[in-house]
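Numbered continuously in the numbering used here, the sequence shown closes out at residue 502.
Just so it is clear, CB atoms sit at the ideal spot from N, CA and C, and this is done for glycine as well.
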Amino acid sequence: MKVGIEAATFFIPDLFLEISELAEHRGIDNNKLLLGLGLQKMAIIDTNEDTATLAAEALLRLFTDYEIHPKEIARIYLGTESALDAAKPTATFAVQMVETQLATQFGERCFKNCDVLDMTFACIGGIDALHNALDFVRINPNKKAIVLAADYAKYELNSGGEYTQGAGAIALLISATPNLIEIENYFGVGMSSVYDFFKPRRHIDKDKLINAPENYPEQIEIFSDEPIFDGQYSNECYKQRIQEAFYNFKSEKLIHTNVISSWEYIIFHLPYAFHGKRIFAEIFASENNIPCSTKDEVKAVLLSDDYKQFINIKIEPSQRASSEVGNLYTASIFMALFSTLQTAFLENKELTGKKIGFFAYGSGSKAKVFEATLHTNWKSVVKNWNLFEALNQRTAINFQTYIQLHKKALKKPVNTIQKGFKLEKIETDIQELNGARYYKYHV
Ligand code: HMG
């Protein structure tokens, strides 16, 4: 039985900041960001957008762009590391928004019997959601599942992560009719608990707060979307985990030959566009029996014509969208796939039966490696995307507006034209609903 992705959609928010503008204000050489890391623009959410609106937009498009009946969907799993609540899944907000929007066509509460859940493991949470959805369909081939991945990557101002920010979401229909790609049931895994990037609760003393309510504890826990991280160490953890997952994949599938050359494309979790090509030298070398254990040997591989050619063919198309949007955390690896297939579609490539290798990573840390095969109907799925056109229609904001958005200092949205799902209000008046989020769809 074949199981995989039947349909797929994405959503990128309308606002973006040019990386060159950020570089200028931060006094960073733009060539480092452009030529060193591959950064051009970063997608940014407006004051009335959040993880749930991003996920809802991608989910609604799945129903409008492909003929899907909500009753077909037994599970909806959301991978995210920017959840809105520590108890109520962010998926419930997104599903409720879409359910309301679909009510005229399919009746009230069309997801009443759908099992909805969030999954969190930093950037690999979306792949974990996919992995679980595939398992579910493998044992229930008559049922379908939806995978959502939605995030906004926000780092501290002036930090080394600032230029790798981004935002966006994807939605995938998982079924036993995988019109886009079939995914095999061999997953290599590498896992180790480390502190390369994490979002802990932080503490401040109550007496440091002005007018702290009396019933607050002496130590107040604060949650921030901005991670604690060590950039170079996170690169190292990524590299180690994907190697562990890769060799685990090869031993699970009993592969003793060069498998990477059999893959038409290689799709990475891309925290920034050039990450995949910067960290793949060791695997490339070992697959091709090239020595690569010293720093000089790694450098020689990275600079070799064979490696550059390999990157240009198998990895470069995945970088294009990443350069335009930045890190989407859980959705990044899927955006790399969208970018690759959209490029192949525009170049009229014939990919039926070709294989793609995936390298997923989530800080904290875990990697998964698996492979997929392009279905004969892949173009019928991709033809709905128009990814690069959509990216070209966004609205640029200036540095000052970016800073205000980052500091949450704006009372009104930047976008004067409201379209799609927006956050209307967060409850503060009714005690028993304090913090509840209310959304509205704007036509
Ligand atoms: P950095 O210090 O900004 O950059 O850190 P760098 O020094 O590592 O690399 C700069 C590159 O630009 C080098 O290229 C330079 O040579 C080049 P290389 O030779 O090494 O390939 N360069 C130039 N090129 C042309 N012209 C010039 C020039 N100057 C320099 N003038 C880093 C980059 C990504 C570490 C930083 O931005 C960061 O800490 N980001 C946040 C964390 C991160 O993204 N980590 C990535 C791996 S972990 C991960 O992917 C998980 C994550 O997504 C979270 C999750 O799982 O939830 C983050």
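Euclidean distance between Cα positions of residue i and residue j
i, j, result
"Asp-177", "Ala-114", "12 Å"
"Gly-95", "Thr-399", "21 Å"
"Ala-209", "Ala-188", "12 Å"
"Ser-234", "His-315", "31 Å"
"Ala-395", "Met-101", "15 Å"
"Glu-241", "Asn-317", "21 Å"
"Glu-303", "Gly-166", "48 Å"
"Ala-426", "Phe-339", "14 Å"
"Asn-436", "Phe-458", "43 Å"
"Glu-116", "Arg-453", "16 Å"
"Tyr-331", "Tyr-420", "13 Å"
"His-84", "Ser-381", "22 Å"
"Leu-450", "Trp-444", "11 Å"
"Ala-431", "Tyr-366", "23 Å"
"Arg-197", "Ile-132", "15 Å"
"Gln-164", "Gly-479", "17 Å"
"Leu-76", "Lys-481", "21 Å"
"Ile-456", "Gln-291", "30 Å"
"Ile-183", "Asn-274", "38 Å"
"Pro-237", "Val-440", "10 Å"
"His-128", "Thr-106", "32 Å"
"Ser-293", "Phe-343", "20 Å"
"Lys-265", "Gln-278", "6 Å"
"Gly-220", "Leu-362", "26 Å"
Residue i classed as buried or exposed, judged by whether at least 16 other C-beta atoms fall within 10 angstroms
i, result
"Ile-281", "exposed"
"Met-60", "exposed"
"Val-360", "buried"
"Leu-268", "exposed"
"His-503", "In this structure the chain extends from 60 to 502, so residue 503 is not present and cannot be described."
"Lys-171", "exposed"
"Leu-137", "buried"
"Val-502", "exposed"
"Thr-112", "buried"
"Asn-505", "The question about residue 505 has no answer here: the residues shown for the chain are numbered 60 through 502."
"Glu-490", "A small fix is needed here, since residue 490 is Gln in this sequence, not Glu. It counts as exposed."
"Lys-466", "exposed"
"Asp-88", "exposed"
"Thr-475", "exposed"
"Ser-310", "exposed"
"Ser-283", "exposed"
"Asp-364", "exposed"
"Leu-469", "exposed"
"Thr-402", "buried"
Residue i, DSSP secondary structure in three states
i, result
"Ile-326", "strand"
"Glu-80", "helix"
"Gln-278", "strand"
"Thr-432", "strand"
"Gly-95", "helix"
"Leu-450", "helix"
"Tyr-331", "coil"
"Leu-482", "strand"
"Leu-137", "strand"
"Tyr-497", "strand"
"Ala-145", "coil"
"Thr-487", "coil"
"Phe-69", "strand"
"Ala-380", "helix"
"Ala-271", "coil"
"Asp-105", "coil"
"Tyr-222", "helix"
Cross-strand partners of residue i (DSSP beta bridge)
i, result
"Cys-296", "According to DSSP, Cys-296 bridges with nothing at all."
"Lys-425", "Met-250, Gly-421"
"Cys-182", "Phe-180"
"His-465", "None, per the DSSP bridge assignment."
"Ser-234", "Gly-63"
"Lys-354", "For Lys-354, which the question treats as bridged, DSSP gives no partner whatsoever."
"Lys-100", "Glu-77"
"Gly-412", "Partner(s): none; Gly-412 has no beta bridge."
"Glu-241", "Gly-63, Thr-432"
"Gly-227", "Asp-210"
"Lys-203", "Ile-132"
"Val-175", "Ile-135"
"Ile-287", "Phe-257"
"Ile-263", "Ile-279"
"Ala-455", "Phe-75"
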